[in-house]
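Here's the structure, in structure tokens; my notes come after.
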Amino acid sequence: MEKYFTDVSEFVDYLELPSELKSRAEQASQKFSFKVTKEFASRIEKGNPKDPLLLQVLPTESELLEKKGFVSDPVGDRNASKRAGLLQKYKGRVLLVITGSCAINCRYCFRREFNYKQVPKTTESIEGNLRLIEEDNSVEEVILSGGDPLMWKNMELEKLFKRIAKIKHIKRLRIHTRLPIVNAKRIDSGLINLLSKVNLVIYFVIHSNSCNELSPLVIGALKRIKSVGIPVLNQMVLLKGINDSVEEMEKFLRLQINNHIQPYYLHQLDKVNGATHFFVPVSKGRKLISELRKRLPGYAIPKYVYEKKGFTSKFPL
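Each residue of the sequence shown is one higher than the last, beginning at 851 in the working numbering.
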């Protein structure tokens, strides 16, 4: 059985949403394709056009609006590129883009206009990037990104992990992924066994934005990751109508810390073309964090940050 919805009309019908949403969604999806796992879709409330999970994945006519300040490369990936698929913005760490594929196309994705055509997508083709990393002793951490690195099969990941571990000055491997959230079965025994054998300190950074994303199935998958000693951190994006209320965010952060998931970053929206309707003013974000500090322990408060082109670190807000 197909794991994904890629047809907007089928998706709208499945969720028993108004049929007029179809033509708007189909028009917007021509610019940035529509894709969502059936597992993720099963958590969306049927008949509710304002469901926070739905809002993250349903294309809308708002994506076609142009607005000053919203651009194709809001975080400066092009300028940070040392080679196709190898980016370095910050001292001591590099980012390997190993695929352009995701299990879900989030409508606010800051790489929705990223050119993945030249990105090497196998361990063999990434060798040139790995050699560049070998030549730079200042790099201690490799960050795997994409797309989603867990779209790779376990066999390919094993080859890549072993190759990275051979670089003497690399101490840490960080994996940024949304797969555990949208397809919890991906965190299978083979992957867990593989992760347990990697001779590097590993950090898992998951991407989730609201409570319903952390279903019991997802939390079970994350527990399997933690069972082999790997910390799980969560980063989220501040999104209008999804997680921009104190009540919703407090509930979400409590859910994280009650399941040993460390809140990491709350990102101010990256101003990418097509994401204007998700924007929340920084002033509101600051008030949100201020109120959360009154309600939650310090370790539950994520760092509220904005990524600026050319900066040597994320900009704290």
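Note that the Cβ used here is the ideal one computed from N, Cα and C, for glycine as well. These figures come from a predicted structure and were not determined experimentally.
- Each residue's CA atom was taken as its position, placing Gln877 and Leu1067 some 33 Å apart.
- If you draw a 10 Å sphere on the C-beta of Gly1135, you find 16 or more other C-beta atoms in it, and that means buried.
- Every beta strand (DSSP E) stretch that sits fully inside the stretch 957-1039 and reaches 3 residues is listed by chain position as 991-995 and 1022-1027.
- For Gln877, the uninterrupted alpha helix (DSSP H) run begins and ends at Leu871 to Ser879, by DSSP.
- Taking a 10 Å sphere around the C-beta of Lys885, we find 16 or more other C-beta atoms and assign the residue as buried.
- In this structure the stretch 1143-1162 lies against the stretch 928-942, because at least three pairs of beta carbons, one per stretch, are closer than 8 Å.
- Considering only Phe890, Glu866 and Lys939, the residue with the shortest C-alpha distance to Phe1165 is Lys939.
- Taking 4 residues as the shortest admissible run, the stretch 1080-1142 contains the following complete alpha helix (DSSP H) segments, listed from N- to C-terminal end: 1096-1107.
- In this structure Arg957 is buried. Its beta-carbon is surrounded by 16 or more other beta-carbon atoms within 10 angstroms.
- Within 10 angstroms of the beta-carbon of Lys971 lie 16 or more other beta-carbons, which makes it buried.
- Within 10 angstroms of the beta-carbon of Thr973 lie 16 or more other beta-carbons, which makes it buried.
- Taking the C-beta atoms as reference points, Ala934 is found nearer than 8 Å to Val969.
- Counting only runs of 3+ residues, the beta strand (DSSP E) found wholly inside the stretch 895-956 occupies 931-933 and 943-947, in chain order.
- Residues of the same chain with a CB within less than 7 Å of the CB of Lys872, apart from the 5 flanking positions on each side, are Val858, Ser859 and Val862 in chain order.
- Arg1024 sits away from Val1048, with the two beta carbons spaced by 8 Å or more.
- The continuous alpha helix (DSSP H) containing Tyr864 extends over residues Val858 to Tyr864.
- For Ile1069, the uninterrupted alpha helix (DSSP H) run begins and ends at Pro1066 to Lys1076, by DSSP.
- Excluding sequence positions up to five before and after Pro1147, its CB lies within less than 8 Å of the CB of Ile1107, all in the same chain and listed in chain order.
- The Cβ neighbour count for Leu1116, taken over all protein chains shown within 10 Å, is at least 16; the residue is labelled buried.
- Sequence-distant partners of Gly1040 (beyond 5 residues in either direction) whose C-beta falls short of 8 Å from its own C-beta, in its chain, are Asn1004.
- Assignment of Lys1153 by DSSP, reduced to helix, strand and coil, places it in the strand class.
- Looking from the CA of Leu915, the closest CA among Pro1152, Pro1030, Arg1145 and Phe1128 belongs to Phe1128.
- Straight through space, the alpha carbons of Asn898 and Met1099 are spaced by roughly 20 Å.
- Residue state for Phe855 is assigned as strand, using DSSP reduced to three classes.
- Short of 8 Å from the beta carbon of Val1096, and not among the five residues preceding or following it, lie these beta carbons of its own chain, in chain order: Leu1138, Glu1141, Leu1142 and Arg1145.
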